[in-house]
């Protein structure tokens, strides 16, 4: 039954596959909200909590999302929100435009990101009247660390805004101010998805004129005041999963195939401490408080694409059959060969190419013009043993340019077997995590720690720390043993699983569930 349900969803997504989606998961508003399904009009379903009346009210409606450019250093992002809660008699209309600037530092492969408000208009209509945005402060700045596999980022938000009730700054019936204190924004972007997690604390201060105010009476108050605090956690996570589908007919040329299913999950948690309300009106005489906690989530399937189906004769029943079939479907390994030869030793070149495809996707085939450029006098090849006409020249060039593998005395040695220490070093190097290892001297937890070369120790330490490798049951990592192709498939599959699934916990659940 579950398989039929999944395939019905896949069929629906394939039918709407031409729709245009935002390029990455994003928290679309600092107060927290859930983006839902794409609607026919080009907007998305959307729901958001508002606290301006002194109680949590869930509004539902639509948001129009921009397409985020992937190849521009300066651009604008515009959002339009239309929300309502008919039972509470509350509506919200918001239009926001941001200007984004990115400045790359090629020397340390980092990018500074800054998002500022260019335009912001908002009106919240309530039974008490209209709250119109009168003033605001907002700035979102981040630093991206650009590694070969992942762009990690962290940043902060500075925000404050004030709404005026039935008027403006000079003439109004009260005002509400939101002071926002954000914890560091964290997230990542990679070939298998992306994430953004934001945690903010809102201090709410409401002032309305006291009709009974008498300046001649010392105890008389000019304003009726209530305050509240709301802690909001937001996580937006785009993920890619691979769903295997069997082929039922007997007279068919392949047994089954994978579908690449892209989905986005938005999670919203909030804890509030607000004044006590009676029939929707804040009771300023009560000492009671309205406190609570809630959790909302929404999962949306964005698209589905079929992968190619390899026809390999020698992996049926093999312990790494699933890993090899998936990786060849992803073209991480060569799909054109009928025999994979799982027990054969993998070469440095083949493992390097597989890692490039895993973190970047297949590289475009070089044109004749590209090859001619390489043959010009004075053009240096990436390594002394790599000739311009090498069919894998562009992969080797990419490997060197992105520091994925190190050569040996200016030689690439692509045909040489790969050791486990080299394989682990490559995986951690593309993740950019070697700098998180402790300062030497130190020992790893492996029984054969003495056999680990100093050049690979930080990488092996970090691979063990994040669960990418675990060693043998006896506690050995065997750093100098050659890697077989089936082992390479298992290692790269674990690497993809780490990117695709494991770091989500680190970036979302661990932060939002503190």
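Residue numbers (the numbering used here): 3 to 516. By construction, the Cβ of each residue, glycine as well, lies at the ideal position given by its N, Cα and C atoms.
Residue i, buried or exposed, once every other Cβ within 10 Å from all chains shown has been counted against 16
i, result
"residue 413", "exposed"
"residue 290", "exposed"
"residue 105", "exposed"
"residue 504", "exposed"
"residue 297", "exposed"
"residue 515", "exposed"
"residue 123", "exposed"
"residue 472", "exposed"
"residue 313", "exposed"
"residue 501", "buried"
"residue 465", "buried"
"residue 144", "buried"
"residue 4", "Because residue 4 carries a pLDDT of 38, less than 50, the predicted location of this residue cannot be relied on, and the following value inherits that uncertainty. Residue 4 comes out exposed."
"residue 459", "buried"
"residue 374", "exposed"
"residue 142", "buried"
"residue 61", "buried"
"residue 354", "buried"
Of the listed residues the options, nearest to residue i (C-alpha basis)
i, options, result
"residue 77", "53, 68, 93 and 103", "103"
"residue 187", "206, 237, 170 and 283", "237"
"residue 467", "482, 41 and 508", "508"
"residue 130", "302, 124, 169 and 141", "169"
"residue 368", "479, 502, 420 and 390", "390"
"residue 79", "327, 510, 28 and 213", "28"
"residue 262", "39, 251, 255 and 245", "245"
"residue 183", "197, 212, 288 and 206", "206"
"residue 151", "114, 431 and 40", "431"
"residue 1", "84, 56, 405 and 278", "This structure cannot settle anything about residue 1, because the visible part of the chain is limited to 3 through 516."
"residue 44", "403, 67 and 32", "67"
"residue 242", "194, 269 and 227", "194"
"residue 109", "96, 125 and 147", "147"
"residue 31", "224, 327 and 51", "51"
"residue 159", "126, 200, 38 and 92", "200"
"residue 350", "462, 425, 57 and 94", "425"
"residue 423", "407, 63, 310 and 327", "407"
"residue 484", "421, 475 and 451", "421"
"residue 118", "111, 139 and 456", "139"
"residue 48", "84, 57 and 72", "84"
Reduced DSSP secondary structure (H/G/I, E/B, other) of residue i
i, result
"residue 177", "strand"
"residue 106", "strand"
"residue 462", "helix"
"residue 407", "coil"
"residue 320", "coil"
"residue 358", "helix"
"residue 457", "helix"
"residue 25", "Interpretation of residue 25 is limited by its pLDDT of 43, a score under 50 that renders its predicted location unreliable; no figure is taken from the coordinates."
"residue 93", "strand"
"residue 154", "strand"
"residue 284", "strand"
"residue 183", "strand"
"residue 313", "coil"
"residue 508", "helix"
"residue 330", "helix"
"residue 350", "helix"
"residue 166", "strand"
"residue 242", "strand"
"residue 385", "coil"
"residue 101", "strand"
Residue span of the alpha helix (DSSP H) that contains residue i, given as start and end
i, result
"residue 262", "First-last for residue 262: 258-277, but that is the beta strand (DSSP E), not the alpha helix (DSSP H)."
"residue 2", "Because the chain spans 3 through 516 in this model, residue 2 falls outside it and cannot be assessed."
"residue 490", "487-499"
"residue 66", "Looking at the DSSP string, residue 66 is not in any alpha helix (DSSP H); the run it does join, the beta strand (DSSP E), is 59-66."
"residue 187", "Where residue 187 is concerned, there is no enclosing alpha helix (DSSP H), although the beta strand (DSSP E) it sits in stretches over 187-192."
"residue 337", "Where residue 337 is concerned, there is no enclosing alpha helix (DSSP H), given that its DSSP letter is neither H nor E."
"residue 373", "370-376"
First through last residue of the beta strand (DSSP E) which encompasses residue i
i, result
"residue 135", "131-148"
"residue 418", "Careful: residue 418 lies outside any beta strand (DSSP E) and carries neither H nor E."
"residue 47", "46-52"
"residue 120", "112-128"
"residue 37", "35-40"
Residue i - partner residues in DSSP beta bridges
i, result
"residue 236", "200 and 270"
"residue 302", "266"
"residue 161", "140 and 182"
"residue 308", "261"
"residue 205", "181 and 231"
"residue 225", "211"
"residue 292", "276"
"residue 394", "According to DSSP, which records beta bridges pairwise, residue 394 is partnered with nothing at all."
"residue 518", "One cannot answer for residue 518 here, as it falls past the ends of the chain, which runs 3 to 516."
"residue 484", "421"
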